[in-house]
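The structure under discussion appears below in the form of structure tokens.
There are 2 protein chains.
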Amino acid sequence: MSWEDKVRKVEPYVAGEQPKDRDVIKLNTNECPYPPAPGVIRAAEALKEHYGNLRLYPDMDATKLVNALADYYKVDPYQIFVGVGSDDVIAMCFMTFFQSGKKILFPDITYSFYDVWAELYGIPYEQPALKEDFSIDVRDYLPERTGGDLGGIIFPNPNAPTGVEMPIDQVERIIEANPDCVVIVDEAYVDFGGTSALPLLEKYDNLLVVQTFSKSRAMAGQRVGFAIGNKKIIDYLKDVKFSFNSYTMNLPAIELGTEAVTDAAYFHEITGKIIKTRECFKQDLRDLGFTFPDSKTNFVFAKPPKMSAKDLFMALRERKIFVRYFNKPRINEYLRITIGTDEQMAKVVAAMKEILG
Amino acid sequence: MSWEDKVRKVEPYVAGEQPKDRDVIKLNTNECPYPPAPGVIRAAEALKEHYGNLRLYPDMDATKLVNALADYYKVDPYQIFVGVGSDDVIAMCFMTFFQSGKKILFPDITYSFYDVWAELYGIPYEQPALKEDFSIDVRDYLPERTGGDLGGIIFPNPNAPTGVEMPIDQVERIIEANPDCVVIVDEAYVDFGGTSALPLLEKYDNLLVVQTFSKSRAMAGQRVGFAIGNKKIIDYLKDVKFSFNSYTMNLPAIELGTEAVTDAAYFHEITGKIIKTRECFKQDLRDLGFTFPDSKTNFVFAKPPKMSAKDLFMALRERKIFVRYFNKPRINEYLRITIGTDEQMAKVVAAMKEILG
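Protein sequence lines correspond, in order, to chains A and B. With this note's numbering, the residue at position 146 of the first sequence is 146, and numbering never jumps. To convert, count from 1 in the second sequence and add 1000; that's this note's numbering.
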């Protein structure tokens, strides 16, 4: 037997392309077109004052960042868990909550990291199909249909890559109907007009809400994500995290991350601008003959007229416009287009007009 | 059944205390007493120029940092894996290489995170006892005694918290005798006078060497660790890492980390100073009647005369000198004392003289 026979062999998640060429219109990974809050640049400038502290381990509880989040979301600090992006947070959640050996559920069309995590940990899973309109059929997550006793449930709300939001009363039905497993609502895109499940924490202790700084807080490069839940669920998550890596949040992530969350005015300004741009872009898409489910996110998932999604993807790419194409059943006729600035979207629309003739 | 019955319940690793009071002599977590390389402060200052890029995902391959490490260690970039401190790297290694269901081996007295990871992942393990002089008995890791077909082997060299180095020919015997499993040599402390196993990579493809920026590179606050191995072993590790979190290294970690590794002169200056201080401190300890195994690290693991280690630990703490005490069998009569500056060690020695009378 060779050492290779003993290795865990997995098919890793494939993230959206990150072109080295900065001269492209990059609308393929749902980043924010605006810079982080101005406080972040001041924190970056002030980082040199912390230079001497870089030799020391960072605050393993990331207290400053956690307190800022607690203030913003009006919860107690012990209700918050922070990680290296929401991917780190969710990876820890799978390890903590989805390990009973019972099957977990998530939609067939959703964030494509969920099945990668399930495979990594050997967690059995089922993926109920979205309805034809790309909405989640809430009944697929209720005991009447599942038989109950699930290993866990996770879904993004709004969903990705569709952009479709599940009404909050349906989210609540799922949480309420499954008190015997943890339900994770992945709210990566909630800040672009969606309704958060956070108020439901008062009623349900099996709910965990996950959010990220990578989209609405324009901090993908800093890697900060977080979960909010009741104390008990957060404590379980912390125990696993502290059995994995005591110090995940480095000093710059704590310092710059804190500034990214305290400036509510800036946050509302940029998310408001993105929503406005999105609504204009939707109209442009309609005028061009695209069809798409309504989006409550910073992207639109749209099916082009006249030509295949793949061909349009390639044609846009030739014009240095990067969008996301998924070569997967049911969604391979759609493109996921991140909302950039008004100027960027005007260029996209102009390019589409040209390509589609 | 409640959701809590489905949770992974673990006993997390307990890191050394991080006092909020900065007015202490902090010799309890093996941090470097000197600041990072001067290039790091320049990189921190230059971070504001990257402010606009923080909205974008960082380079998921951390190419700049990886290339700097490859240059420094004279290996190919594809031989390098980087993570959020060496804890993150080793956590990934356990998940990748130690999952065959066969037992892994590490010493009974060693880095106390190893058994936490093994418990987290449900990996069977055995911990051969160190000899009375705290050296590893190489025969405990050879097929004559183990029966062969192990799930894996990991040990720090030099070992922690003892500081004892295993001669490199014995390290080689272990690697050579176990071609059917991965052998991880955790070289967190190798830069303080130890001999690295890196040259053995030319002969053995089952070897993985792990190092960290937290000690000799004075960057604990930045969270950077790395592994070096042959391409095949690194590729397996990357597959698991990219199934866990695509973007672990944030922009500041890449920028500041690169500067921490390129300045060889500064690196040799500070590690040389620490070695010199350590040798003086050893003589002071001998004069005071301490006994200790010889250390090749940035700490000394010493047994006090006249009083118990715990009492001395408490007495030093009252004087705002923090060292590390492990309340564990076989080592509860020792203190692990990090090597600080000459001035700090003089204060420690003076305090000890006073306490021991």
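The beta-carbon is built from N, C-alpha and C at its ideal position, and this holds for glycine as well.
- Legend: CB atoms of the region 238 to 259 of chain A lying less than 7 Å from CB atoms of chain B belong to residues Asp239, Val240, Phe242, Ser243, Phe244, Asn245, Ser246, Tyr247, Thr248, Asn250, Leu251, Pro252, Ala253.
- Straight across, the Cα-Cα distance linking A:Gln283 with A:Lys215 is about 23 Å.
- Taking C-beta separations shorter than 7 Å and ignoring five residues to either side along the sequence, the partners of A:Ala220 in its chain run Glu31, Ser214, following chain order.
- For B:Leu1056, the nearest beta carbon of chain A is closer than 8 Å to its own beta carbon.
- Ranked by how close their Cα comes to the Cα of A:Tyr334, the residues A:Leu312, A:Pro58, A:Ala350 have A:Leu312 in first place.
- Contact annotation for B:Thr1096 against chain A: Val7, Arg8 [CB-CB distance below 7 Å, chain order].
- Residue contact with chain A for B:Arg1223: present (Cβ-Cβ distance below 8 Å to some residue of chain A).
- Under a criterion of Cβ atoms nearer than 7 Å, the residues of chain A adjacent to B:Asp1088 are, in order, Asn245.
- Chain B has no Cβ within less than 8 Å of the Cβ of A:Ala197.
- A Cβ-Cβ separation of about 6 Å places A:Tyr236 in contact with A:Thr96 under the 8 Å criterion.
- CA-CA distance, B:Asn1178 to B:Phe1192, rounds to 28 Å.
- Taking C-beta separations shorter than 8 Å and ignoring five residues to either side along the sequence, the partners of B:Lys1347 in its chain run Ile1025, Ile1321, following chain order.
- Taking a Cβ-Cβ threshold of 8 Å, none of the residues of chain B is close to A:Ala265; the smallest such distance is about 18 Å.
- With a contact defined as Cβ atoms closer than 8 Å, B:Ser1112 and B:Gly1151 miss out at about 20 Å.
- The closest CA to that of A:Val138, considering only A:Tyr114, A:Arg42, A:Tyr125, A:Ile154, is found on A:Ile154.
- If only complete runs of 4 or more residues are kept, the region 82 to 114 of chain A shows the alpha helix (DSSP H) at 85 to 97, in order along the chain.
- For A:Thr262, the three-state secondary structure derived from DSSP is helix.
- When the five nearest sequence neighbours on each side are left out, the beta carbons in the same chain lying within less than 6 Å of the beta carbon of B:Val1084 are those of Arg1223, Thr1248, in order along the chain.
- In the three-state reduction of the DSSP assignment, A:Arg139 falls in the helix class, which pools H, G and I.
- Between A:Ile109 and A:Leu130, the C-beta spacing is below 8 Å.
- Counting only runs that start and end inside the region 255 to 334 of chain A, the beta strand (DSSP E) elements of at least 3 residues fall at 299 to 302.
- Using a CB distance cut-off of 8 Å, B:Pro1161 does not count as an interface residue toward chain A.
- If you check the CB distance, B:Lys1232 and B:Gln1079 do not come in under 8 Å.
- Only Thr29, Glu31, Cys32, Pro33, Tyr34, Pro35, Pro36, Val40, Ile41 from the region 28 to 43 of chain A bring a Cβ to less than 8 Å from some Cβ of chain B.
- With a cutoff of 8 Å on beta-carbon distance, A:Arg217 and A:Pro36 are scored as near each other.
- The beta-carbon of A:Ala118 is placed no less than 8 Å from the nearest beta-carbon of chain B.
- For B:Pro1038, the enclosing alpha helix (DSSP H) stretches over residues 1038 to 1046.
- Nearest neighbour of A:Trp3 by Cα position, chosen from B:Ser1086, B:Asn1206, B:Tyr1034, B:Thr1146, turns out to be B:Asn1206.
- Chain order gives the chain A residues near B:Pro1179 as Ser2, Trp3, where near means a beta carbon separation below 9 Å.
- Here A:Tyr266 is actually not in contact with A:Pro33; their C-beta atoms are around 14 Å apart, not less than 8 Å.
- Annotation for B:Ile1355: no beta strand (DSSP E) segment contains it, though the alpha helix (DSSP H) segment containing it runs 1342 to 1356.
- Listed in chain order, the non-local C-beta contacts of B:Asn1157 below 8 Å within the same chain comprise Glu1165, Met1166, Val1171, Val1185, Asp1186, Glu1187, Val1190, Gly1194, Ala1197, local neighbours out to five positions each way being set aside.
- Secondary-structure assignment with DSSP links A:Lys64 through no beta bridge to anything.
- For the pair B:Val1014 and B:Arg1324, the Cα-to-Cα distance works out to about 12 Å.
- Taking the Cα positions, B:Glu1126 is about 13 Å away from B:Phe1098.
- Identification of chain A residues near B:Val1084 by a Cβ-Cβ cut-off of 7 Å yields Val84, Asn245, Thr248, ordered along the chain.
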